[in-house]
Every structure is written in C-alpha cells, then in structure tokens.
Amino acid sequence: MFKYFPHTDEDIEAMKRAIGIASVDELFSDVPKDVFFRRKYNLPDAMSEIELRAYFDKLGKANSDLVCFAGLGTYDHYDPAVIKSLTSRQEFLTAYTPYQPEVSQGTLQYIFEFQSMIQILTGMDAANASMYDGATATAEACFMAEAIARRKLILVSKTVNPYVTDVLKTYCRPRGISIEIIPETDGITDIAELEKMIDGNVAAVVAQKPNFFGLIEDFGRISEIIHANGSVFIENADLSALGILKTPKEDGADIVVGDCQTLGIPMSYGGPGAGYMATIKAHIRKLPGRIVGLSKDVDGKRAYVLTLQAREQHIRREKANSNICSNQSLMALYVTIYLSLMGPEGLREVNELSYQGAHYLYDRLIATGKFRPAFKGPFLKEFCLKTNIPASTIQEVLLKNGIFGAIPMGEFGEEYQNMVSFAVTEKRTKEEIEHLVSLLEVVA
Amino acid sequence: MSNYDRLVFELSVPGRRGYTLPNQFASKYKITELKGLSRKDSPNLPELSELDVVRHYTNISQKNFAVETGFYPLGSCTMKYNPKINEEIAGSQSLGLLHPLQPASTIQGALEINYKLRGALSEISGMSDFTLNPYAGAHGELTGLMIMKKYHEDRKDFKRTKVIVPDSAHGTNPASTAVCGMEVVEIASDENGRVDLESLKANLSDEIAGMMLTNPNTLGVFENDICEIAKLVHSAGGLMYYDGANLNAILGKARPGDMGFDIMHINLHKTFSTPHGGGGPGSGPVGVRKGLEYLLPNPKVDIMDGHYYIKGDADSIGRISMHFGNFLVFVKAYAYILSLGNENIGKVGELSVLNANYVMESLKDDYKLPIPLHCKHECVFDGLKDDSTGIKTLDVAKRLLDYGMHAPTIYFPLLFHQSIMIEPTETESKQTLDDFIMAMKSIAREAKEDPELLHQAPHTTPVRRIDEVYAVRKMIITYKDYCENKE
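Take a look at the structure:
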C-alpha cells in the first residue's frame, strides 16, 4: 500500500467482515451504473519523493530570481526566521477551526492577540479574526455599510488599488449595489468632486492609505463630508504603515480593512496572505467572520472562545450578509508573531528605512534627467514618476538585469501611460539602488 | 498539554528587541517630515526578546489538538494527514519570493503549477476547466453562484433568482446564495436523508437559477437519484452546482461532471490534503463544464506555443480576489496529486468509505443510527441509543477529549437533534479506528454508570468547559477591553 494509506490486506479483510460485505464496491452500489467511474484517471504515475523534489526544483528554476522594487499592494518586506519556524509547528498547522475550544486554546489565544494588535494599529474598537485578503475584506465592508446605511451606492476613490475596485464591482453587481468612481487630482482623491457626487443614496465612501500611487492623503475633510451625509467611511490601509501614520480612528474611519501581507508574510505570488477588518463599537455586531472573546472555564481559569456567533450564517443562514465561515487563521499567526518580534520600535524602523530608501531612489532617479515627479504629495515607501521613455522599455531593461520594478502604470488608465511605479522596503540595499539607477541613467 | 496562560502583552518589557535590521544608509531623509500625517501615540505593541516570542508561541501551541497529535474525525472537514514533503516544497524561496505582478516570462514555473493543477482537477472531477482564485470553499461557492447568475443574465433570462438547497446542506450554501443576491428555496429530504424528488419537482419553475447539492450529502449518503435530479433541474432551465466538501468519498468512483453538474468547487484543504491551519488558509477552486469557461473569474492563466501567459475575459464574472488565490496552498495540493499518482488517487474514495462504514457498523449498537444504509466517507449518529441517561451529544464529545481524541462534528446536520458526524479519512489505520470505537463504547457505558463524569467532562484538557454566555455578555475581544474590564 501507498505510504499515506495504512491498510494491510488483513485489515481490509477484517473490516469487510465486520461490515458484512464481500467487496468494497458493494459500498458504492448506490452510485448509478451510468456514472460509475470505471477507467483510470488520465494523470501522471505516482512520483517518489526524490522525483517530486526534482520536479518542483525544475519548476522553481523556471521562475526568475529578481530583486524587487515593485509594490502596488504587495511588498517585499523582511520576514524574520522565527515566523516560519513557529507557524510550521504541527499544533498550529494541522489543527482546524476551534470547534472544541478546550483543545484549541492555542489557536483561540493567538487570534485574540491578533485582534488586539489590529485594534492597537488601527485605533479602532474591535477587529475580527481575519479575512481572505484586503480586496474581499473591502467588499465585505461595503456589504456592512449597505446594512448600516440602508443605501445602495458606494463611492470609490480613483486612488484606491484598481484590483480592489474590480473585486468590489464583482461582489456588488449581483446584489444591485452600484459603484461610482471619485476622480483624482494630482494623485489624491478630488474632494470637490466627492462633494458633488455624495448624496442621500451613498452608503459608503472607500479611500486608501497610502494610496495606489504611494501618496499619503489627509482624510480629515473627506471624513467630515462623509459623516455629514450620514454615510460610512471605509478606509483601506496598509497595516505596516499604520506603525507611524495617523490611525484610521484619527482619520474618522468607521470601518478599516486591508491586507496583512506587509507584516511578515512572504509575497508568495499573491497568496496566502490575509485581510483584516476593524470597526467602531456601534458596528461590532455587523462584523463578518469569526471573533474570539475572552471568558473563563468552570474552574475560573482564563479561556478563549468563538463569540457573537449568532450574528451570521450559523443561525441566519438564508438571511446572511456574509458567507465567510472561517478565517486565514495561520496567516493571522504570521502577523501576530511578526508584531511580537518587531514591537513599536521595529515597526517604526522598518518604515523609516523604507522611507529613506524610497526617497533616496526618488532623488537619484530625478537626478538622471530621465524622470520627473508624477505628483506633488508626500509618500512613504512607494512613488510614481513620469518619463518620456516607453515604460515597457524601462521594465525590460531592469528585468534583463535581475530587477523587477518600474511597473508601467498605463495598464491602469490612459492618463497614466507614461508613468512608472517603484517601491522600496527595508530589504533594499544601497548597492541594489545604485545598480538600478546606473541601468536607468543610460536607458533610452 | 501546557498550563501556561500568559498573553503576549503581559510579557512585554520596555526596551526589549526581537529583531535586527540593517544600518541606515540615507539618514538625511527624515521620516519626521511626515509629522502632520503621523499617529499621535506610538502603537502599544509588546516589546520582547526573540526567545520570549519563541517560548510564548511554543507554549500556547501545546494547548492545541491537531492531526499530528491524534485522531481528528471531524465530519465534513476531511482531516487527513498533511504530508511533510508538500510543506518543504511550498516553503522554497523560488516560490515564496515571487511578486504577483511579475510579467509572465519571469514566472513560467508558477504559471505551470496553476495550469497543470487545473488540468488534474478537471480530470478528477469531469469538468472542463477550473479557476484557482477562490480562497476557500465558501469563497468558491460565492464564485460559482456568480457564474450561475451571470449565465442566465447573459441569456437575457433575468427572472431566475432562486436557488434550490436541500435542508441537509452545509450552512454556507444558503448563506452564499443570499450574499449573491439570490433567494433560497429549501427542499425537504426523504426518510433516508436524500433529495425528495416530489418536493424537487414541486419547486421547479422558470424562476429557478439552479440547485446546490453535496453528493454524498452531509448525512454521508449518496444521492442515487442524481441523474434524475440533474435531468429535472436542467429541463427546468436551471444549472446544477456541486458542493465539493465531500468529494473525498468518490475519488476513483464517480465524477461530478459525469453526474450532470455544471459548476462545482473543491476544497483543496480537505480532499487534497493541504493543512487546515487552524481555520485557513484554504483554497476553493471552482470548475465548470464546457461552455461556461468564459465566465470563470479573472485573471486566468493559459498556454500558447509552450509559453504560459496571463489573460482576462471581458465576459467573465470579473475579479474575485486580488491575484491568483492562495498560490502556496495549491502548490501543496499539486504535490499531493503527483505523489499519489493515478494509481493511488483512485483508492482514496474506497479506503475512506471503508473506514467510515467500519466505524458505523462498530458503533450502531451503542449510538442511534437514523439511516440504516451504507454510508460514504462519513457516518452520522443521532446521539446515544439509550437516551434515558440524560447524556447529550455535547457530553459525549467533551468526554472524548479526555480520551485524547478530537470530537466529531456535532449538532450538524440539523436534520437530527443530537447529530454526531464522524469522518475518519483514508489515512487512519484500523488500530486507530479500533481505539476510537473502544473509546466511544466506553463513553456509552459511562453514560449509564457515571453520567456526572460526562456532564463535567472534559477533565484533562488545558481548560475545561467554557462559559460562552460570559464571553457574549462581557465582550472582551481585545487586550484593551481586557485591561479596561480589570479596572
């Protein structure tokens, strides 16, 4: 028998006898003859472990090993060795959702710690146990806003990551919720346009920090406009940046969502990562997904348990406002361990190093004479530049030299045709930056 | 298991560090230039040394029960063994450091994994093509229903807004339907827990978008009328959706595509052995039959002249995730499929079904068996046979924890009041099943002889029964709440 199947011939015989069958196929006698699968699958023969390693090694080598100067929602931040080591522990890795809390206190406790850390970074009152990703979390926030405001229109800033906006459109269409885009001016949400567009039909306004172009918008006025209209302010924020930037609470956000990838999760070609969601007290019972609460056991010992479960599909199946029945638990553990290691000081240093590297690269590229600023506003670790050289040429030159950066922005709109985007994290060295600059100094 | 009970915040000592970072090389740029945009207070995160962190999380890990700790027969969750080699492969740098926006020419290996896994899933399920973008089973359901809804709308058939869901369905089926803006039509099961054909016929109309069905269903019973069901739904103009949560049972024996299903999802974390991770990350690929491929979500991977490339369809339902879903999860599933190969994947169904029937047969003298048919990969009891003891399913489940085993799924399916749903999976040996059977029989005896022992169970776990009402009343869901509540 195969190594994952422990059955010996004797076992199978004994089990068949106990059940009272002569052949295992009798257990499938209820499968109609017309659909009984009689042939073998057309799949490769079993690979030994040696062959399997060699095969995936070959697939790995078919990917280029590139130095990453790209962002737009996914960033090459440092992930301490401790994270992989601890998250690989079978007790975390091979458990399931904590249905039996008495033997799931490990999972429940780190989710409680995760919720607490999201609360600390966002300044909000409550967070759930994590979501699939930032985009789907934003969509779920829109559904929440629809339920809170009882309105059917969502305004999304043009400066929100267009992939997030695309997901919002896909999620909202079948429910009859409309999406309209607030234009940008100089790379930030156009407040005058927002004032024109907002009215009694608007359930929520979605904005992002730092935004898709890397700029940090001041949401003070935006928040006032939204609240004066009785709408919900949904902020999509990079958690890592919240280590130093104004909290969504200080911005006046009602619901905060985003990706957790910047906190210790490798880029992994986009997944698995995790999304997060936090809100103010008034809306806690409208939060989708799981929430862990602190309680005590019969002996008075501190204990954790899934709580507020009556809110959603467990009970209100056909009236549910979300169908999420689990979370990205293990990825929430990545984040919790990362933040435990980094603490407030480490998070500040990560942002400081990224800020310095990004501004250094920005000035060096402007100095080449081939680039000019795309926008005026302040940025943290990511920026856009304009250039007369075709964006695709720039990207190609870098790729040939082992660098992934200068993402052409034209893909995201005609008006961004001659624009490229760069991101710099604490992982990028001075030598890597100089190498990139030297390549672009001579590009034509 | 550990009695350690500190919170990470309680270990914090100002000035401790758990990281090292490179020196600054561009210190003339001051982040304080952002001061009008900065947060008022530094975040109140813990400050710990590296060993503090390692010991803390190692200690709390030991309060978890997991597949590698012991038997985990959680029904409908397919808690099979999660092979180590899959973890090693998914952990490689050449896969972990890829940026999702890299041009196709630099990620041919990653795209090949996407393409080939979809091919394997199509062959195993009898579908035409798959998307790997959905992050979880429930996410797959939502994606599949969006496909169903758009299929009808594309044919200008706008009145099809209702979805038939049997009363035995997983709770996510009606929830996904509602989230997709459609109405649930629940139909009753017959005395064997199968779809009642008369009830189905009575509910078919030109308002039905389709039907969601799990086969074998949540009672572990195969819907033997599946061909008739599919024919009825199709002739009424609806589509058939297969909830793949129970796919493990039929590997090598039947394929949803051959049964007449048009759309389906697969839970890679169940059938294809990627670890459950305490509740995620999962992966919920969605497959469709021929003719519906264009509706699959963007972005998509395709091949031309031996070169993989990324594309989007204007007519697709759109984007349902940031990028390509949980990539490293499907790396593990693909490695699992290649390890088993065609000769072993076909055995998964029969061994998992053999295991479940062995357990069912061995326990039916002590536990009430509401449906006296051979089961598939899981069996469902309705509490203890002797109900004079006052012992409920909850007590049985809690007592099982004292025996060093995880409890089965309890109080689901909702068709019975005391449901105990047991799914052993094919990776468990007869010895393990015998130990479980002995424990369950011993608990049935204890129920008669010492019911108080069961009412009070568990006795040996890191914490004992938890006050759920207290949790709802106090609503302490962050460390901040906890500190404020203490004062």
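In order, the protein sequence lines correspond to chains A and B.
When we follow our numbering, the leftmost residue of the first sequence carries the number 1, and every step to the right adds one.
When we follow our numbering, the leftmost residue of the second sequence carries the number 445, and every step to the right adds one.
All residues carry an ideal CB built from backbone N, CA and C; glycine is no exception.
Quick caveat: nothing in here was measured; it's all calculated off a predicted structure.
Do A888 (chain B) and R846 (chain B) come within 8 Å of each other at the CB atom, strictly closer than that value? In the second sequence, residue 846 (chain B) corresponds to position 402, counting from 1. In the second sequence, residue 888 (chain B) corresponds to position 444, counting from 1. Looking at the sequence provided, one finds Asp at residue 846 (chain B) rather than Arg. Contact: no.
Could you spell out the range, first to last residue, of the alpha helix (DSSP H) harbouring R290 (chain A)?
The residue labelled residue 290 (chain A) in the question sits at position 290 within the first sequence. Segment: none, R290 (chain A) is in no alpha helix (DSSP H) and carries neither H nor E.
Exercise. Leaving out five residues before and five after I591 (chain B) in sequence, what residues of the same chain have Cβ atoms less than 8 Å from its Cβ?
Worked result: On the second sequence, residue 591 (chain B) is found 147 positions in, with the first residue counted as 1. If we look at I591 (chain B) and ignore the five residues flanking it on each side, its Cβ neighbours are I707, V730, V732, L736, L739, L740, I761.
**Asked** Counting only runs that start and end within the segment 804-873 of chain B, where is the alpha helix (DSSP H) found for 4 or more residues in a row?
**Response** 837-846
Exercise. Let me know if Q208 (chain A) comes out buried or exposed under the rule of 16 or more other beta-carbons within 10 Å of its beta-carbon.
Key: Here the question's residue 208 (chain A) lines up with position 208 in the first sequence. Flag for Q208 (chain A) reads buried.
Exercise. On a CA-only basis, which of A:E195, A:C172, A:P174 is nearest I182 (chain A)? Give me that one, please.
Key: Here residue 182 (chain A) refers to the residue found at position 182 when the first sequence is read from its first residue. Nearest of A:E195, A:C172, A:P174 to I182 (chain A), Cα basis: A:E195.
Three-state secondary structure (DSSP) at A358 (chain A)?
In the first sequence, counting from the first residue as 1, residue 358 (chain A) sits at position 358. In this structure, A358 (chain A) counts as helix in the three-state DSSP scheme.
Just the C-alpha distance for D449 (chain B) and T904 (chain B), rounded to the nearest angstrom, thanks.
Position 5 of the second sequence, counting from 1, holds the residue named residue 449 (chain B). Position 460 of the second sequence, counting from 1, holds the residue named residue 904 (chain B). So the alpha carbons of these two residues sit roughly 16 Å apart.
**OP:** Using the Cα positions of T247 (chain A) and F213 (chain A), report the straight-line distance between them to the nearest angstrom.
**Re:** Within the first sequence, residue 247 (chain A) is the residue found at index 247, counting from 1. Within the first sequence, residue 213 (chain A) is the residue found at index 213, counting from 1. Each residue's alpha carbon lies about 20 Å from the other.
(Q) Looking at the secondary structure, which residues open and close the alpha helix (DSSP H) in which Q105 (chain A) lies? (A) By 1-based counting over the first sequence, the position of residue 105 (chain A) is 105. Note, Q105 (chain A): alpha helix (DSSP H), 105-122.
What residues in its chain sit with their C-beta under 8 Å from that of H932 (chain B), if we drop five residues either side in the sequence? For residue 932 (chain B) there is no data in the structure shown, the boundaries of chain B being 445 and 931.
Those residues which DSSP pairs with L242 (chain A) across a bridge: Locating residue 242 (chain A) in the first sequence gives position 242, where the first residue counts as 1. Answer is none; L242 (chain A) lacks a bridge partner.
Margin query: Is it buried or exposed, D573 (chain B), if we count other Cβ atoms within 10 angstroms and call 16 or more buried?
Written below: What you label residue 573 (chain B) is simply residue 129 of the second sequence in a count that begins at 1. Buried: at least 16 other Cβ atoms inside 10 Å.
### N- and C-terminal bounds of the alpha helix (DSSP H) containing A622 (chain B)
Here residue 622 (chain B) refers to the residue found at position 178 when the second sequence is read from its first residue. A622 (chain B) -> alpha helix (DSSP H) spans 616-623.
If we define contact as Cβ-Cβ less than 8 Å, is M277 (chain A) a contact residue for chain B? The residue labelled residue 277 (chain A) in the question sits at position 277 within the first sequence. M277 (chain A) does not count as touching chain B.
Reference Q328 (chain A); option with closest CA among B:G726, B:E787, B:R699
Taking the first residue of the first sequence as position 1, residue 328 (chain A) is located at position 328. Out of B:G726, B:E787, B:R699, B:G726 has the C-alpha closest to the C-alpha of Q328 (chain A).
query: Could you give the C-beta distance for G377 (chain A) and G187 (chain A), rounded to a whole number, given that I count them as a contact under 8 Å?
result: Residue mapping note: residue 377 (chain A) aligns to position 377 of the first sequence, counting from 1. Residue mapping note: residue 187 (chain A) aligns to position 187 of the first sequence, counting from 1. Their Cβ separation, rounded to whole angstroms, is 6 Å, which keeps G377 (chain A) and G187 (chain A) in contact under 8 Å.
query = Closest to A534 (chain B) by CA distance: which of A:G123, A:Y55, A:E250 is it?
reply = Here residue 534 (chain B) refers to the residue found at position 90 when the second sequence is read from its first residue. It is A:Y55.
| Does DSSP put L683 (chain B) in a helix, in a strand, or in coil? | Within the second sequence, the letter at position 239 stands for residue 683 (chain B). Strand.
ask   = In or out: M748 (chain B) buried (at least 16 other Cβ within 10 Å) or exposed?
value = Within the second sequence, the letter at position 304 stands for residue 748 (chain B). So M748 (chain B) ends up on the exposed side.
task: Can you grab the Cα-Cα spacing for the pair D702 (chain B) / M571 (chain B), in whole Å?
output: Here residue 702 (chain B) refers to the residue found at position 258 of the second sequence. Here residue 571 (chain B) refers to the residue found at position 127 of the second sequence. Looking at the two C-alpha atoms, the distance is approximately 8 Å.
Nearest by alpha-carbon distance to D25 (chain A): which of B:L795, B:R763, B:L561, B:V775 is it?
Mapped onto the first sequence, residue 25 (chain A) falls at position 25. The shortest Cα separation from D25 (chain A) among B:L795, B:R763, B:L561, B:V775 belongs to B:L795.
Below 8 Å, can you find three or more Cβ-Cβ pairs linking the segment 710-717 of chain B to the segment 764-780 of chain B?
-> yes
Between the Cα of L445 (chain A) and those of A:V292, A:N63, A:L333, spot the shortest distance and give me the residue it belongs to. Here chain A has residues from 1 to 444 only, and residue 445 (chain A) is not among them.
query = Of all the options A:L294, A:E415, A:V206, A:E318, which has the alpha carbon lying nearest to the alpha carbon of T307 (chain A)?
reply = Taking the first residue of the first sequence as 1, we reach residue 307 (chain A) at position 307. Taking only the C-alpha atoms, the option nearest T307 (chain A) is A:L294.
Chain A within 8 Å of P729 (chain B), Cβ atoms only
Position 285 of the second sequence, counted from the first residue, corresponds to residue 729 (chain B). No, because no Cβ of chain A sits closer than 8 Å to the Cβ of P729 (chain B).
### Query
Between the segment 151-181 of chain A and chain B, which residues of the former have a C-beta closer than 7 Å to a C-beta of the latter?
Y163, D166, V167, K169, T170, P174, R175, G176
Any contact of the segment 342-360 of chain A with the segment 418-433 of chain A, i.e. 3+ C-beta pairs under 8 Å? yes
Exercise for the section: Give the residues from the segment 709-721 of chain B that approach chain A closer than 7 Å (Cβ to any Cβ), ordered along the chain. Expected result: P719, H720, G721
Kindly indicate the opening and closing residues of the alpha helix (DSSP H) around G302 (chain A).
Position 302 of the first sequence, counted from the first residue, corresponds to residue 302 (chain A). Per the sequence presented here, residue 302 (chain A) reads as Arg, with Gly not at that position. R302 (chain A) -> not in any alpha helix (DSSP H); beta strand (DSSP E) instead, spanning 302-306.
Exercise. In chain order, what residues of the same chain lie with their CB nearer than 8 Å to the CB of A564 (chain B), ignoring the 5 residues before and after it?
Worked result: For this step, residue 564 (chain B) is matched to residue 120 along the second sequence. So the qualifying residues of the chain are Y778, I781.
Mind listing which residues of the segment 335-348 of chain A have their C-beta closer than 8 Å to chain B's C-betas, in chain order?
-> T336, I337, L339, S340, L341, M342, G343, P344, E345, G346, L347, R348
Take the Cβ of I265 (chain A) as the centre, count every other Cβ of all protein chains shown within 10 Å, and call the residue buried at 16 or more, exposed below. Numbered from 1 along the first sequence, position 265 holds the residue referred to as residue 265 (chain A). So I265 (chain A) counts as buried.
- Chain-order list of residues whose beta-carbon lies under 8 Å from that of S493 (chain B) (same chain, five-residue window excluded): Taking the first residue of the second sequence as position 1, residue 493 (chain B) is located at position 49. So the list reads R460, R461, G462, once near-sequence residues are dropped.
Segments assigned alpha helix (DSSP H), at least 4 residues, entirely inside the segment 879-909 of chain B:
895-899
key: Exposure of L451 (chain B), with buried meaning 16 or more beta-carbon neighbours within 10 Å   = Residue numbering aside, residue 451 (chain B) sits at position 7 when the second sequence is read from its first letter. Result: buried.
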